[in-house]
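Encoded as structure tokens, the structure appears first; notes follow it.
In my numbering, the protein residues as written are 305 to 486.
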């Protein structure tokens, strides 16, 4: 595992178009969320940084989806080299965690490259016009720290976006395992 920070894509960047299958074969695309704020989370099953925030992320997404935020998770890892990230394991993980968002498979890794995603978890929050408003960490917690997992950084950004305001530009990169490139 290599500790990797977010690439911190430029704020205001347009949402990269994507159309991906979920782990059960249903297709979801960026155009399925017109005029709706969208959170895109690059994640996987086996990363200790994702596991560290997974339950809080499930709670966060349920709460914010009810407030109008669309959410998708994308697994871009090479699942042939990392079998815990295979699509059938993604279905198990989504059920076990209670994810209420589509958990998508980026087998070609083209979507991760379009977003300049670097790590898991990597969070990209787009406003209603699908312009990047936030990219960075869920919160200051890490698996090695005793800090509570509360999602405060992402919550503040999502609250601003849902109120049609720009989040603070002072954004800290997410940290996690590098995406497992082919």
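By construction, the Cβ of each residue, glycine as well, lies at the ideal position given by its N, Cα and C atoms.
Close beta carbons around residue i, own chain, < 6 Å, minus the five adjacent residues each side
i           : result
residue 325 : 331, 409
residue 444 : 451
residue 339 : 432
residue 336 : none
residue 471 : 437, 438, 461, 464
Bounding residues of the beta strand (DSSP E) (the contiguous stretch that carries residue i)
i           : result
residue 375 : 374-379
residue 453 : That residue, residue 453, is in no beta strand (DSSP E); it is neither H nor E in DSSP.
residue 437 : 436-440
residue 309 : 307-309
residue 325 : 323-325
residue 331 : 331-333
residue 480 : 479-482
residue 430 : 426-430
residue 346 : 342-346
Short Cβ contact (8 Å threshold) for residue i with residue j
i           : j           : result
residue 478 : residue 309 : yes
residue 351 : residue 424 : yes
residue 369 : residue 404 : yes
residue 419 : residue 320 : yes
residue 475 : residue 435 : no
residue 555 : residue 426 : Here the chain has residues from 305 to 486 only, and residue 555 is not among them.
residue 327 : residue 392 : yes
residue 480 : residue 364 : no
For residue j and residue i, believed in contact at Cβ under 8 Å, the rounded distance
i           : j           : result
residue 356 : residue 446 : 7 Å
residue 483 : residue 416 : 6 Å
Extent of the continuous alpha helix (DSSP H) to which residue i belongs
i           : result
residue 394 : 391-401
residue 368 : 352-369
residue 419 : 414-419
Neighbourhood of residue i by C-beta, 8 Å cutoff - its chain only, sequence neighbours within 5 removed
i           : result
residue 333 : 321, 322, 323, 324
residue 385 : 484, 486
Close-in-space but distant-in-sequence residues of the same chain around residue i (CB under 7 Å, 5 per side omitted)
i           : result
residue 367 : none
residue 466 : 341, 371, 372, 373
**Study point:** Touch test, the segment 446-465 against the segment 379-392, Cβ-Cβ under 8 Å, three pairs minimum
**Key:** no
Exercise for review: Say whether the segment 305-321 touches the segment 398-408, bearing in mind that this needs 3 or more beta-carbon pairs closer than 8 Å, one atom from each stretch.
Suggested key: no
Review point. Using 8 Å as the threshold, is the segment 335-343 in touch with the segment 363-376, meaning 3 or more CB pairs across them?
Key: yes
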